Amino acid sequence: MVSERSQDRSGPILTQAAALLMERLRQELVPSVLHAEDALQLAYPGAESDFRLGVNLYDLEAIHTHGSPAMVWLDESTRRLPDLVLALHFLLFSNRKAPFHSMEPADEMLLLDAAARAVHSMGPLSIPTQETEAHLTFEPLTLSEKQTFWQAVGQPFQPALYLTLAPVILPDTRLIYTPPVRSITVTTTRKESV
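Given below as structure tokens:
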């Protein structure tokens, strides 16, 4: 099993966050509920693939908790523009289009029950490129918002888990070089009084 800290630090941050979520879910659900690791996949609702529980990043939003963040000083002459702090919104859903009609209503309830328990007991996720741990929480959407979501993806409404992972920090790569002031020369002249 791969630990969270040993993962590649150079990959895209969103990919790292999704991979950590998938790893944690697999630890909880395979083999007790899902019999194979590939039964849990990153997927779109309505995908006709061979998986039983899908994870979909359906939205992301910037988090501004205390106004505009400050620039980060790397040394006395170099600053990096502020990091972007995101909340990632994930959907966990059963694949009703699993091959051979292998997803029955009881199977769907069992999967969602096990996934809800796994998320509820899940500790923080340590994304390798950030110091702050990210926390996974249930997103309190209304029934109307959920129905709108399913209509937007062109699928019939179905029960699912709506989750938020935050904070996820995207470091800015733009650097600003400001040469330090080494000396100041001031020239003055004495004004004669009249």
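For the sequence shown, the working numbering assigns the number 4 to the initial residue and increments by one for each residue that follows.
Note that beta-carbon positions come from the ideal geometry of N, C-alpha and C, so glycine has one too.
Note that the structure is a prediction, hence the values are computed from the model and not measured.
The alpha helix (DSSP H) spanning Arg-27 covers which residue range? Its alpha helix (DSSP H) spans residues 16-32.
Given that a residue counts as buried once 16 or more other Cβ atoms are within 10 Å of its Cβ, and exposed if not, what is Ser-147? Counting Cβ neighbours within 10 Å, Ser-147 comes out exposed, since fewer than 16 surround it.
Opposing strand residues paired with Ile-66 [DSSP bridges]: Its beta-bridge partners do not exist; DSSP assigns none.
The beta strand (DSSP E) enclosing Ser-97, as first and last residue numbers: Counting along the chain, the beta strand (DSSP E) containing Ser-97 begins and ends at 87-97.
Endpoints, the beta strand (DSSP E) within which Phe-103 is located: It is not in any beta strand (DSSP E) - Phe-103 carries neither H nor E in the DSSP assignment.
Per-residue DSSP class, three states only, for His-123: Helix, per DSSP.
Segment limits, beta strand (DSSP E) that includes Thr-81: Unbroken beta strand (DSSP E) run through Thr-81: 81-83.
DSSP-derived helix/strand/coil call for Leu-144: In this structure, DSSP gives Leu-144 a state outside helix and strand, which the three-state scheme calls coil.
What are the partner residues of Val-75, as DSSP defines its beta bridges? As computed with DSSP, Val-75 is found in a beta bridge with Arg-83.
By a C-beta neighbour count over all protein chains shown, 10 Å radius and 16 as the cutoff for buried, is Val-122 buried or exposed? With 16 or more other CB atoms across the displayed protein chains lying within 10 angstroms of its CB, Val-122 is buried.
Just to confirm, is the Cβ distance from Leu-77 to Leu-173 under 9 Å? The criterion of a C-beta distance shorter than 9 Å is not satisfied by Leu-77 and Leu-173.
Going by DSSP, name the residue or residues bridged to His-138. Beta-bridge pairing by DSSP links His-138 to Ala-169.
Locate the beta strand (DSSP E) running through Ile-179, then write down its first and last residues. Where Ile-179 is concerned, the enclosing beta strand (DSSP E) stretches over 178-180.
Of the residues Met-125, Pro-170 and Asn-59, the one placed nearest Ser-97, counting alpha carbons only: Looking only at Met-125, Pro-170 and Asn-59, the smallest Cα-Cα distance to Ser-97 is reached by Asn-59.
Can you give me the Cβ contacts of Pro-159 inside the same chain, cut-off strictly under 8 Å, excluding the 5 residues immediately before and after it? So the list reads Trp-153, once near-sequence residues are dropped.
Straight-line CA distance for Ala-42 to Ala-20? C-alpha separation (whole angstroms): 19 Å.
Look up Gly-57 in the DSSP assignment and give the residues it is bridged to. Under DSSP, Gly-57 takes part in a beta bridge, and its partners are Gln-44 and Phe-96.
Go through its chain and collect everything with a Cβ distance to Glu-142's Cβ below 8 Å, but skip five positions before and after it. Correct list, in chain order: His-92, Tyr-165, Leu-166 and Thr-167.
Under 8 Å, with one C-beta from each stretch per pair, do the region 50-68 and the region 126-143 reach the 3-pair mark? No, the region 50-68 does not touch the region 126-143.
With a 10 Å radius around its C-beta and 16 neighbouring C-beta atoms as the bar for buried, classify Arg-193 as buried or exposed. By the neighbour-count rule (16 or more Cβ atoms within 10 Å), Arg-193 is not buried but exposed.
Using 10 angstroms around the beta-carbon of Glu-111, count the other beta-carbons present and answer buried if the total reaches 16, otherwise exposed. Per the 10 Å Cβ criterion, buried.
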